[in-house]
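J.:
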Amino acid sequence: SDGHVSSFHVGMQIPHGAGSSDVLTTSAPFWSADYLSDARFPHHERLDEMVRAEELRGIMAVPLSHGSGPFGVLHVADREPRHFSADEVSLMSSLGDLAGAVIEKAWLMDRTAAEMEMLQRRTDEAEAGHRQWQEVGDINEFLMSQVLSGCDLQSLVEEASDGLGGALTVCAGDGTVLATTAGAQPDDDLMISRAMMDAHAAGKAIRVKNGVWAAPVLMG
3 SDGHVSSFHV
13 GMQIPHGAGS
23 SDVLTTSAPF
33 WSADYLSDAR
43 FPHHERLDEM
53 VRAEELRGIM
63 AVPLSHGSGP
73 FGVLHVADRE
83 PRHFSADEVS
93 LMSSLGDLAG
103 AVIEKAWLMD
113 RTAAEMEMLQ
123 RRTDEAEAGH
133 RQWQEVGDIN
143 EFLMSQVLSG
153 CDLQSLVEEA
163 SDGLGGALTV
173 CAGDGTVLAT
183 TAGAQPDDDL
193 MISRAMMDAH
203 AAGKAIRVKN
213 GVWAAPVLMG
């Protein structure tokens with residue numbers, strides 16, 4: 003807005019059925035040569051208070067339209083009584099159409115920017131996931147080469163720990179520790195036994211607790 007001398011208009015919603023509110027339903031221009039003394043339409047105390055605070059007299063309102071219909075109202079006012087001419091009403095209506103198109107374009111650009119941001123975020127997540135899978139594939143290939151070259155279990159576990167960035171422990175079926183790395187936290191035998199059974203039943207790695215996973219060691 004421009005030309006206001008009070009803050010009454012900030013965030014104000016025009017009550018339905020009062021003043022220029024019918025512009026949204028009729029899509030027709032509204033004007034009054036002297037608003038507060040005009041009895042042709044219903045008045046509302048809050049709206050009249052704003053008009054009185056701004057010392058407005060002549061008021062005209064036209065729909066902001068684009069596409070399927072009006073989505074807002076464009077107002078112009080004079081602090082003296084004013085009889086708006088047909089040319090002025092026509093000019094304001096054209097301005098409302100133009101402003102409506104500009105506003106809708108701005109909304110579309112904001113929506114497009116938000117969609118592009120979401121798309122970029124999903125692309126980044128997909129690329130990060132792809133890199134992780136690539137790293138896992140590289141680690142798996144390296145470990146296979148170590149196995150084929152005849153490396154012992156302890157060395158293999160240490161290489162896997164370095165590649166995955168975490169401590170590892172390999173247990174036998176009875177819970178006996180076969181190989182482990184620095185930083186591995188010893189757990190009670192019951193938890194290890196349950197984790198082993200759950201992992202073998204699932205046939206895949208499972209989360210035991212925060213930061214700890216159990217995975218079955220399979221042959222073939």
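3 is the number of the first residue of the sequence shown in the numbering used here; add one for each residue after it. Backbone N, C-alpha and C define an ideal beta-carbon position, used for all residues, glycine too. Computed from a predicted model, the values in this text were never measured in an experiment.
(1) Are three or more beta carbon pairs between the segment 92 to 111 and the segment 52 to 61 nearer than 8 Å?
(2) Once you ignore the five residues that flank PRO218 on each side, which residues in its own chain have a CB closer than 7 Å to its CB?
(3) So the beta strand (DSSP E) HIS77 belongs to, where does it begin and stop?
(4) Let me know if ALA116 comes out buried or exposed under the rule of 16 or more other beta-carbons within 10 Å of its beta-carbon.
(5) Since LEU66 is in the alpha helix (DSSP H), which residue starts that stretch and which ends it?
(6) Quick one: using the 10 Å Cβ neighbour count with 16 as the cut-off for buried, is MET221 buried or exposed?
(7) For the beta strand (DSSP E) containing ALA216, list its first residue and its last residue.
(8) Between ILE141, GLY21 and LEU158, which lies nearest to MET52 when the distance is taken from Cα to Cα?
(9) Helix, strand or coil, according to DSSP, for PHE32 in the structure here?
(10) Got a sec, what are the start and stop residues for the beta strand (DSSP E) ARG209 sits in?
(11) DSSP on THR171, reduced to helix/strand/coil?
(12) What does the alpha-carbon distance come out to for the pair VAL25 and ARG81?
T.: In short, the structure shows the following:
(1) no
(2) Position 216 of the sequence shown holds residue 218. So the list reads ALA201, HIS202 and GLY205, once near-sequence residues are dropped.
(3) For the purposes of this step, residue 77 is taken as residue 75 along the sequence shown, with counting starting at 1. 71 to 80 is the span of the beta strand (DSSP E), which, as asked, contains HIS77.
(4) Here residue 116 is taken as the residue at index 114 of the sequence shown, counted from 1. Classification for ALA116: exposed.
(5) Taking the sequence shown and counting its residues from 1, the one referred to as residue 66 is at position 64. That residue, LEU66, is in no alpha helix (DSSP H); its beta strand (DSSP E) goes 60 to 68.
(6) The count along the sequence shown starts at 1 and reaches residue 221 at position 219. With fewer than 16 Cβ atoms within 10 Å of its Cβ, MET221 is classed as exposed.
(7) For the purposes of this step, residue 216 is taken as the residue at position 214 of the sequence shown. Taken as a continuous stretch (DSSP letters only), the beta strand (DSSP E) holding ALA216 covers 214 to 216.
(8) Translated into the one-based positions of the sequence shown, residue 52 becomes position 50. When only C-alpha atoms are compared, the closest one is GLY21.
(9) As a first step, residue 32 is located in the sequence shown; it is residue number 30 there, counting from the start. Reduced to three states, the DSSP call for PHE32 is strand.
(10) Position 207 of the sequence shown, counting from 1, holds the residue named residue 209. ARG209 -> beta strand (DSSP E) spans 208 to 211.
(11) To locate residue 171, count along the sequence shown from 1; it is residue 169. Strand.
(12) Looking up residue 25 in the sequence shown gives position 23. Looking up residue 81 in the sequence shown gives position 79. C-alpha separation (whole angstroms): 22 Å.
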